[in-house]
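With this note's numbering, the residue at position 1 of the sequence shown is 10, and numbering never jumps. The structure appears below as structure tokens.
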Amino acid sequence: MATDAGDPIPRFPAGFLWGVSTSAHQIEGAVDERGPSVWDVFTAEPGRVKDGSTAAVACDHYHRYPEDVALLAGLGVDAYRFSVSWPRAGSPGGLDFYDRLVDELCAAGVRPVPTLFHWDLPASLDWLERDTAHRFAAYVSTVAERLNDRVSTWITLNEPAEHTLLGHALGVHAPGRRLLFDALPVAHHQLLAHGLAVQALRAAGAGDIGIANSHGPTWPASADPADVQAAAFYDTLLNRLFAEPLLLGEYPDGLGELMPSPDLAADLKAIAEPLDWYGVNYYAPTLVGAPLGTETESGGVPIPAELPFSVREITGRPRTDFGWPVVPEGLTELLCGFRERYGDRLPPIVITENGCSYEGLDDQDRIAYLDAHLRALHAAVAAGVDVRGYFVWSLLDNFEWAEGYARRFGLVHVDYATLERVPKASYHWFRDVLRAQR
Numbered sequence: 010m011a012t013d014a015g016d017p018i019p020r021f022p023a024g025f026l027w028g029v030s031t032s033a034h035q036i037e038g039a040v041d042e043r044g045p046s047v048w049d050v051f052t053a054e055p056g057r058v059k060d061g062s063t064a065a066v067a068c069d070h071y072h073r074y075p076e077d078v079a080l081l082a083g084l085g086v087d088a089y090r091f092s093v094s095w096p097r098a099g100s101p102g103g104l105d106f107y108d109r110l111v112d113e114l115c116a117a118g119v120r121p122v123p124t125l126f127h128w129d130l131p132a133s134l135d136w137l138e139r140d141t142a143h144r145f146a147a148y149v150s151t152v153a154e155r156l157n158d159r160v161s162t163w164i165t166l167n168e169p170a171e172h173t174l175l176g177h178a179l180g181v182h183a184p185g186r187r188l189l190f191d192a193l194p195v196a197h198h199q200l201l202a203h204g205l206a207v208q209a210l211r212a213a214g215a216g217d218i219g220i221a222n223s224h225g226p227t228w229p230a231s232a233d234p235a236d237v238q239a240a241a242f243y244d245t246l247l248n249r250l251f252a253e254p255l256l257l258g259e260y261p262d263g264l265g266e267l268m269p270s271p272d273l274a275a276d277l278k279a280i281a282e283p284l285d286w287y288g289v290n291y292y293a294p295t296l297v298g299a300p301l302g303t304e305t306e307s308g309g310v311p312i313p314a315e316l317p318f319s320v321r322e323i324t325g326r327p328r329t330d331f332g333w334p335v336v337p338e339g340l341t342e343l344l345c346g347f348r349e350r351y352g353d354r355l356p357p358i359v360i361t362e363n364g365c366s367y368e369g370l371d372d373q374d375r376i377a378y379l380d381a382h383l384r385a386l387h388a389a390v391a392a393g394v395d396v397r398g399y400f401v402w403s404l405l406d407n408f409e410w411a412e413g414y415a416r417r418f419g420l421v422h423v424d425y426a427t428l429e430r431v432p433k434a435s436y437h438w439f440r441d442v443l444r445a446q447r
């Protein structure tokens with residue numbers, strides 16, 4: 010998917026927030042200087058990660074963060090979305106690292122935007138247990154008390170849908186459980202944790218709070234009623250289940266009674282704590298049809314035959330090195346659809362992740378991908394969707410979960426043998442886009 014210079018990216022509204030994202034487990038390394046997470050346990054099990062690697066060193070961001078903050082400053086972003094490792098924060102001196110990182114970011118004129126949970130649950134905890142939500146709120150209070158004097162923007166959770174589906178329903182991510190629909194308590198406890206975290210942040214005096222939820226349009230494989238019904242179910246499970254408790258204070262029809270709660274109404278009231286903005290991670294639509302009686306695949310993830318839907322291949326589109334279809338107009342469709350579905354219950358939106366996996370330093374395909382998605386995002390703004398910011402995934406090549414180091418999402422190339430950082434062509438392109446927007 011090569012690109013030419015083309016027309017400039019249309020101008021976004023004044024005050025639009027431009028940033029890049031990472032997560033602790035994927036870049037920090039220094040595993041011996043924190044407690045164990047479910048991902049440490051998972052990656053130690055043979056066959057769990059495709060290349061047999063772990064995140065023990067990753068990008069060694071823990072020790073090399075000044076170099077990485079200098080890359081952020083050179084890029085010219087307004088903000089840096091990173092995550093706080095719960096296992097590190099709970100270890101002696103663990104929050105000292107985030108003190109140093111936040112100070113370095115502030116000195117560089119880059120807004121720190123911490124995500125408080127990005128999948129690296131302490132190994133001693135379990136999202137199947139309700140108490141984990143309360144433990145999360147206590148941890149959030151501790152972090153907020155330490156960093157709130159310099160942090161003005163907060164994110165509670167990253168992609169609870171994926172953590173539920175991939176980690177607990179299908180077993181391809183940590184903690185590696187294959188519970189199928191018995192994983193629904195994990196969804197509820199994460200949503201409850203989010204609501205309790207919002208309360209904890211507000212009690213600590215924090216403001217500008219959001220969540221990073223993954224969403225994408227669901228396309229029926231055909232007009233056949235069976236395909237339309239299967240697609241509607243998938244959309245409920247992956248989109249509405251994680252949006253509507255937050256935005257409407259209720260679960261989609263039929264799902265509330267499946268959630269473990271001594272008082273569901275009280276839980277939903279907590280989950281629906283008002284947000285300052287709503288984060289959306291967007292990568293691609295999903296084409297869904299009726300069950301085929303055989304296993305299908307979505308983004309390299311096997312979808313069991315016993316589920317009441319099948320995932321089909323989107324054809325006629327360029328594909329990333331991960332095999333994901335490139336559908337930038339799906340972002341416009343998603344955002345306009347959310348505005349239509351939720352109306353004035355939808356807070357301002359921030360795109361908290363958008364990016365792609367491609368090899369090479371002269372990554373023209375990544376430039377074309379980001380260019381097309383920024384234009385699609387601007388089309389949503391022009392259509393009246395209130396979008397306040399955009400974060401590229403990711404600053405650095407990193408440990409890509411069950412894929413190990415085989416996928417490169419970074420604007421900056423990382424040599425995993427030497428840990429040398431080399432900005433790619435996309436880094437320089439994005440820097441120039443940001444200069445033109447100001």
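Backbone N, C-alpha and C define an ideal beta-carbon position, used for all residues, glycine too.
Does residue i come out as helix, strand or coil in the three-state DSSP assignment?
{"i": "residue 173", "result": "helix"}
{"i": "residue 279", "result": "helix"}
{"i": "residue 228", "result": "strand"}
{"i": "residue 319", "result": "strand"}
{"i": "residue 142", "result": "helix"}
{"i": "residue 253", "result": "helix"}
{"i": "residue 447", "result": "coil"}
{"i": "residue 45", "result": "coil"}
{"i": "residue 36", "result": "helix"}
{"i": "residue 295", "result": "strand"}
{"i": "residue 127", "result": "coil"}
{"i": "residue 133", "result": "coil"}
{"i": "residue 405", "result": "strand"}
{"i": "residue 3", "result": "Limits of the chain in this structure are 10 at one end and 447 at the other, which puts residue 3 out of reach."}
{"i": "residue 103", "result": "helix"}
{"i": "residue 264", "result": "coil"}
Just tell me which of the options has its CA closest to the CA of residue i.
{"i": "residue 351", "options": "394, 41, 378, 390", "result": "394"}
{"i": "residue 68", "options": "96, 39, 44", "result": "39"}
{"i": "residue 390", "options": "294, 377, 344, 259", "result": "344"}
{"i": "residue 116", "options": "228, 89, 135, 170", "result": "89"}
{"i": "residue 422", "options": "156, 368, 381", "result": "368"}
{"i": "residue 151", "options": "131, 42, 187, 209", "result": "209"}
{"i": "residue 107", "options": "136, 73, 138, 185", "result": "73"}
{"i": "residue 438", "options": "425, 57, 420, 424", "result": "420"}
{"i": "residue 308", "options": "332, 75, 244, 111", "result": "332"}
{"i": "residue 103", "options": "137, 156, 176", "result": "156"}
What are the residues that DSSP puts in a beta bridge with residue i?
{"i": "residue 290", "result": "223, 362"}
{"i": "residue 27", "result": "399"}
{"i": "residue 110", "result": "For residue 110, which the question treats as bridged, DSSP gives no partner whatsoever."}
{"i": "residue 90", "result": "30, 122"}
{"i": "residue 218", "result": "163"}
{"i": "residue 334", "result": "328"}
{"i": "residue 19", "result": "None; residue 19 has no bridge partner."}
{"i": "residue 306", "result": "311"}
{"i": "residue 430", "result": "423"}
At the level of alpha carbons, what is the spacing between residue i and residue j?
{"i": "residue 2", "j": "residue 142", "result": "Here the chain comprises residues numbered 10 to 447, so residue 2 is not present and cannot be evaluated."}
{"i": "residue 401", "j": "residue 160", "result": "20 Å"}
{"i": "residue 172", "j": "residue 128", "result": "7 Å"}
{"i": "residue 329", "j": "residue 271", "result": "45 Å"}
{"i": "residue 405", "j": "residue 48", "result": "20 Å"}
{"i": "residue 408", "j": "residue 63", "result": "8 Å"}
{"i": "residue 334", "j": "residue 293", "result": "6 Å"}
{"i": "residue 378", "j": "residue 101", "result": "42 Å"}
{"i": "residue 199", "j": "residue 205", "result": "10 Å"}
{"i": "residue 280", "j": "residue 32", "result": "24 Å"}
{"i": "residue 287", "j": "residue 22", "result": "18 Å"}
{"i": "residue 201", "j": "residue 148", "result": "14 Å"}
{"i": "residue 313", "j": "residue 190", "result": "12 Å"}
{"i": "residue 425", "j": "residue 248", "result": "35 Å"}
{"i": "residue 430", "j": "residue 415", "result": "17 Å"}
{"i": "residue 178", "j": "residue 122", "result": "30 Å"}
{"i": "residue 444", "j": "residue 85", "result": "8 Å"}
{"i": "residue 266", "j": "residue 305", "result": "29 Å"}
{"i": "residue 75", "j": "residue 120", "result": "15 Å"}
So with Cβ pairs under 9 Å, would you call residue i a contact of chain D?
{"i": "residue 394", "result": "No chain D appears in the structure shown, which is made up of a single protein chain."}
At a cut-off of 8 Å, would you count residue i as near the ligand HEM, judging by its Cβ distance to the nearest heavy atom?
{"i": "residue 345", "result": "The ligand HEM is not part of this structure, which contains no ligands at all."}
Would you call the region 252 to 267 and the region 313 to 328 touching, i.e. three or more CB-CB distances under 8 Å?
-> Here the region 252 to 267 makes no contact with the region 313 to 328; the two share fewer than three CB pairs at distances below 8 Å.
contact_flag[the region 50 to 65, the region 89 to 97] where n(CB pairs < 8 Å) is 3 or more = No, because fewer than three Cβ pairs between the region 50 to 65 and the region 89 to 97 fall closer than 8 Å, the two stretches do not touch.
At a cut of 8 Å, does the region 220 to 232 reach the region 163 to 180 through at least three beta carbon pairs?
-> A contact exists between the region 220 to 232 and the region 163 to 180.
Are the region 225 to 241 and the region 295 to 303 touching, with three or more C-beta to C-beta distances below 8 Å?
-> Taking 8 Å as the limit for Cβ pairs, the verdict is that the region 295 to 303 does touch the region 225 to 241.
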